[in-house]
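Just so you know, we're using our numbering here: the sequence shown kicks off at 52 and counts up by one. The C-beta atom is built at its ideal place from N, Cα and C for all residues, glycine as well. Every value quoted in this text rests on a predicted model; they were computed, and no experiment measured them.
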Amino acid sequence: MKVAVIGIGYVGLVSGTCFAEWGNEVVCVDKHAEKILGLQQGKLPIYEPGLDELVERNYAEGRLSFTSDIAKAVKDAVAVFVAVGTPPRPGRGDADLSFVYMAAREIAPLLAENAVVVVKSTVPVGTGDAVEKIIATKRRRGTFSVASNPEFLREGVAIGDFLKPDRVVIGVADERAREVLMEIYGAPLAKVDAPIVVVQRRTSELIKYASNAFLATKITFINELADLCEQVGSDVGELALGVGLDKRIGTSFLNAGPGYGGSCFPKDTLALLRTAQDHGVALRIVQEAVSVNEARKRKMALKVIDAVGGDVDGLTIAVLGLTFKPDTDDMREAPSVPLIETLQRFGAVVRAHDPVGMDNAAQLLENVELLEDPYECAREADAVVIVTEWNSIQHLDLVRLRRMMRSPILVDLRGAFKAGRAEAAGFYVCAVGRPATRPVKLAPDLFDTRYRLPGANAPSGRGILGGRYDH
Ligand code: NAD
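Next comes the structure, spelled out in structure tokens:
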């Protein structure tokens, strides 16, 4: 089938490539001319394990091509997937749909007869209706369909997730859209025994937000229990295993850490809250998860301050791992950024290392020396902080790392090292979810008066969106 994919980011490039892998003829289009030029020369705009090989093969075999000419991509396509970004609108929290609507306006006059426009971007409920209206207004004649097909892939394991998903969700308003999407997904998913859930378009849009809000809540739940573990002498890793092996709960998304980040959970939870607020519905659990997570990201700096004895002013802190999770170069909403900014405000000199994300990190961080070598990063440091559990970081020679440092303090925000391993290498360890290996002074809340940051407003823990949730 001839397929067009609009927007070649993490989702568009993986989806387009996998559609080609399934035998479709795929043309990917992006506004970013440099991305297209790079792809035509075999240079990928993102880091995603295994993707380069898949792109190269499908490109070489002629099933996958890249263009910045939207007309060329769309004119014969039976299905046109829209995979553009839907970032949060600054200060408001709802999804910025301008890229989606712009794409709809651009493709409207170009669509082939009976083409199916499939919104793959994460969009608030009702966006499919708006896209349909835009296209109908611009197009004037000819039939088309609009469907929803939210994407659930995880960066870092995106190809596996796409080719062998837990499920694919399809939201349709007519039979033509259902037929076309079943033709694309039916056979490949039957081979891997993955279910296709066909629902109404509005339900499909909401499923994506409900999934992400549930996962964000699950992470926040285990993070709060990690705090309790630290105080009562338990280990959150063991706790998560004992709890998660209950099939009703499941072991995934029970890894305690510095708070969820990334391009999806923070923005999607906020957008869901905004939708609920607009419709007069209170989603108090999600609201609380968002508040707790925001506070937690900054609170992690206190853990570091505690670990070094209560004051980081003038100390050198080495941060290992910057991306929001391993195996991606994505720095969007990474917990490393507020952590580093907070440490800097308290006077720390911060050095950092990440195996893949340093180019993107350099655009977000100021006055941070970025080092290719993790051991050099730790040279003369007063503490090392593990923020992202990259495999290469988990396999560091801890004795060598400790020898580079001025004082042997390790703050493990990801449970990257099993209990006892870093201690055996001579570190004092302060980890998320288990008691520190030396007594640390219990810090007050980051936002109490003693620790209030210059210029920072103390969040109330409520009212992220303002308005009626405030009470
Ligand atoms: P991204 O920012 O990496 O990529 C979006 C791309 O769209 C950019 O390359 C941009 O240049 C291009 N673009 C924007 N407007 C365009 C237009 N009119 N024509 C052509 N190209 C255009 O975004 P992403 O991370 O791939 O996310 C895309 C959508 O998928 C979002 O709604 C996101 O919430 C959702 N999603 C993302 C992930 C993820 O892990 N990144 C997972 C599931 C769902």
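{"Asked": "Proximity of V435 and A399 at Cβ, strictly below 9 angstroms", "Found": "no"}
{"Asked": "Terminal residues of the beta strand (DSSP E) in which V131 lies", "Found": "A130 to V133"}
{"Asked": "Separation of V343 from G512, as counted between CA atoms", "Found": "Bear in mind that a pLDDT of 31 at G512, under 50, signals an unreliable position, so the model cannot answer this."}
{"Asked": "CB contact flag (D433, V359, <9 angstroms)", "Found": "yes"}
{"Asked": "Span separating the alpha-carbon of V56 from that of R227", "Found": "19 angstroms"}
{"Asked": "Ligand 1 heavy atom lying under 8 angstroms from the CB of F150", "Found": "yes"}
{"Asked": "Status (buried if at least 16 other CB within 10 Å, exposed otherwise) for V197", "Found": "buried"}
{"Asked": "Contacting residues, own chain, Cβ-Cβ under 7 angstroms from E164 (five flanking each side not counted)", "Found": "G193 and T194"}
{"Asked": "DSSP beta-bridge partners of Q251", "Found": "V223"}
{"Asked": "Where the beta strand (DSSP E) through T367 begins and ends", "Found": "T367 to L371"}
{"Asked": "Inter-residue Cα distance where the pair is C280 and R347", "Found": "16 angstroms"}
{"Asked": "Check whether V169 and F213 have beta carbons under 9 angstroms apart", "Found": "no"}
{"Asked": "Backbone secondary structure at Y520 - three-state DSSP", "Found": "Confidence is the limiting factor: at Y520 the pLDDT is only 25, short of 50, which leaves the residue's position unreliable and the question unanswerable from this model."}
{"Asked": "Cβ-Cβ distance between A340 and A264 below 9 angstroms", "Found": "yes"}
{"Asked": "Cβ-based neighbour list, G408, same chain, cut-off 6 angstroms, excluding 5 preceding and 5 following", "Found": "L373, T374, D380 and M382"}
{"Asked": "T68: CB within 8 angstroms of a non-hydrogen atom of ligand 3", "Found": "As presented, the structure is devoid of ligand 3, carrying ligand 1 as its sole ligands."}
{"Asked": "CA-to-CA distance, K318 to V65, given in whole angstroms", "Found": "21 angstroms"}
{"Asked": "Anticipated Cβ contact below 8 angstroms, P386 with G310, distance rounded", "Found": "5 angstroms"}
{"Asked": "DSSP three-state assignment for V332, whether helix, strand or coil", "Found": "coil"}
{"Asked": "4-residue-minimum alpha helix (DSSP H) runs that sit fully inside the region 349-422, ordered along the chain", "Found": "387-396 and 409-413"}
{"Asked": "Around ligand 1, Cβ to any heavy atom closer than 5 angstroms, ordered along the chain", "Found": "I57, G58, G60, Y61, V62, D81, K82, H83, V135, G136, T137, F150, M153, A154, S172, T173, E202, E206 and S314"}
{"Asked": "Touching by the beta-carbon criterion (3+ pairs, under 8 angstroms), the region 115-126 and the region 137-150", "Found": "no"}
{"Asked": "Local conformation of I437 per DSSP, three classes", "Found": "strand"}
{"Asked": "Span separating the alpha-carbon of D499 from that of K242", "Found": "In this prediction, D499 scores a pLDDT of 41, lower than 50, which makes its location untrustworthy; the coordinate-derived value is nonetheless stated afterwards. Between D499 and K242, the C-alpha separation is close to 56 angstroms."}
{"Asked": "Boundaries of the beta strand (DSSP E) in which D463 is found, first to last residue", "Found": "I460 to D463"}
{"Asked": "Exposure of S199, with buried meaning 16 or more beta-carbon neighbours within 10 Å", "Found": "buried"}
{"Asked": "Neighbourhood of Y98 by C-beta distance below 7 angstroms, restricted to the same chain and skipping five residues each side", "Found": "T379, D380 and V407"}
{"Asked": "Beta-bridge partners of S314, as assigned by DSSP", "Found": "Per DSSP, none; premise fails for S314."}
{"Asked": "Unbroken alpha helix (DSSP H) run spanning E30, endpoints", "Found": "Residue 30 falls outside the range modelled here, since the chain spans only 52 to 522, and no answer is possible."}
{"Asked": "Neighbourhood of A482 by C-beta, 7 angstroms cutoff - its chain only, sequence neighbours within 5 removed", "Found": "D463 and G466"}
{"Asked": "Straight-line Cα distance separating V220 from A71", "Found": "20 angstroms"}
{"Asked": "Three-way DSSP call (helix, strand, coil) for T68 in this model", "Found": "helix"}
{"Asked": "Candidates F150, L461, V248 and M455: closest to E202 by CA position", "Found": "V248"}
{"Asked": "Whole runs of the beta strand (DSSP E) within the region 97-170, excluding any shorter than 3 residues", "Found": "115-118, 130-133 and 166-170"}
{"Asked": "Option nearest G365 by Cα separation, candidates L371, P377, P389 and L394", "Found": "L394"}
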